[in-house]
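Just below is one structure, and these are the notes that go with it.
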Amino acid sequence: MSNSDVADHQYYNEAVSALNNKDYANASSLCENAGISLERRGCFYDASIAFDLLGLVHYQSGALEDAKSAYLKSIELVGQTDEASGLEYAKTCNSLAAVINAMGDHALAKEWLCKSLQIKENAQDKPGLFSSYHQMGIIEQSRSDLNEARRWYSKAIALHQSEGGVDIAGLISTVRYLASTFGNDSDPRAIDDIYRIATDAMQENGDVLIAQAAAEQAREDYDYRAATEFYRKAYEMVASGNAPNKVSQHETIIKRIKRLW
1 MSNSDVADHQ YYNEAVSALN NKDYANASSL CENAGISLER RGCFYDASIA
51 FDLLGLVHYQ SGALEDAKSA YLKSIELVGQ TDEASGLEYA KTCNSLAAVI
101 NAMGDHALAK EWLCKSLQIK ENAQDKPGLF SSYHQMGIIE QSRSDLNEAR
151 RWYSKAIALH QSEGGVDIAG LISTVRYLAS TFGNDSDPRA IDDIYRIATD
201 AMQENGDVLI AQAAAEQARE DYDYRAATEF YRKAYEMVAS GNAPNKVSQH
251 ETIIKRIKRL W
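Each residue of the sequence shown is one higher than the one before, starting from 1 at the first, in full-length UniProt numbering.
Dropping the structure here:
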């Protein structure tokens, strides 16, 4: 945030807090009011950030058309600054691509994502590239081009591994998406190898809470195969002593595994 007073940005933390609490109406109002006020005062870069966050609020609430409009507004505003080819712009293009893809226009989504990719590749923004490779996999999977989807998911995973761990939560998500491109008639050993990428990363990271959180998320998503693999790894880590509260974690994980099995 650049050229306006600190008071102008109080909305941001409040909006993020409201978003985390799923108070979408309040978060939306805070972002929109701030964005309009900042734009009127010529603070275009800061206004673009407000509308970018507004896009996220609408996206998470399921209001895709509103999310698309907010992201386009953010891009319009940042285009009036010297940041039109910067990483914030690339991030917004990536988010816009996700929204447009969810709306069903996969070709247009790919166009926006390619803009994001080009900027990130030029800047060698490894975390950003990881996100865009993952998103490109989602777009190709939405187009039912599973081979291309696997190629992009694998590219994201390879980047993560070559960089020594760009984003372990992101890696786990990518592994799940990659596994989802294989059907019930696929070689079980191949799918085991895919999940092992995530569980090996969990082991290397050493934080059982990450493994447990990944298992819980998979269970909430009804992805029982992933949940089982991740709970199993969490259990192994607890059994080996890698847990901040061994007894309670052990009991919780055992209960979860029994429910799945």
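By construction, the Cβ of each residue, glycine as well, lies at the ideal position given by its N, Cα and C atoms.
- Counting along the chain, the unbroken alpha helix (DSSP H) around H134 starts and ends at K126 to S142.
- At the C-beta level, K120 and A158 stay beyond 8 Å of one another.
- Taking one beta carbon from each stretch, the stretch 146 to 153 and the stretch 173 to 186 have 3 or more pairs nearer than 8 Å; the two touch.
- Straight-line measurement puts the Cα of D193 at about 21 Å from the Cα of A213.
- The C-alpha of V99 lies about 7 Å from the C-alpha of A67.
- When DSSP states are grouped into helix, strand and coil, A63 belongs to the coil group.
- Between L146 and T181, the gap from beta carbon to beta carbon is short of 8 Å.
- DSSP places F230 in the uninterrupted alpha helix (DSSP H) bounded by Y224 to A239.
- Annotation for S17: the continuous alpha helix (DSSP H) segment containing it runs Q10 to N20.
- According to the DSSP assignment, N184 belongs to no alpha helix (DSSP H), since it is labelled neither H nor E.
- For A109 against I139, the beta-carbon gap comes to about 5 Å, under 8 Å, which counts as contact.
- CA-to-CA, the gap between A107 and S61 works out to about 24 Å.
- A149 and I172 have their C-alpha atoms some 16 Å from each other.
- In this structure, the CA atom of L56 is about 20 Å from the CA atom of C43.
- Minimum Cα-Cα distance from S48 among the listed residues A211, D105, A25 and C93 corresponds to C93.
- The C-beta distance from A34 to N26 rounds to 13 Å, too long to fall under 8 Å, and the pair is not in contact.
- Under the rule that a run must span 4 or more residues, the alpha helix (DSSP H) segments found entirely inside the stretch 187 to 227 read 188 to 205 and 208 to 220.
- Nearest C-alpha to D223 among Y195, R189 and A239: Y195.
- In this structure, A70 lies near H58, with their beta-carbon atoms less than 8 Å apart.
- Sequence-distant Cβ neighbours of R143 in its own chain, meaning closer than 7 Å and more than five residues away, are H106.
- For E83, the closest of D46, N101 and L113 by C-alpha to C-alpha distance is D46.
- If you draw a straight line from the Cα of H134 to the Cα of P127, it is about 11 Å long.
- Note on geometry: alpha-carbon atoms of H160 and A215 lie some 20 Å from one another.
- Judged by DSSP in its simplified three-state form, D167 adopts coil rather than helix or strand.
- Nearest neighbour of A201 by Cα position, chosen from A226, A190, A169 and M103, turns out to be A169.
- Between E88 and L54, the gap from beta carbon to beta carbon reaches 8 Å or more.
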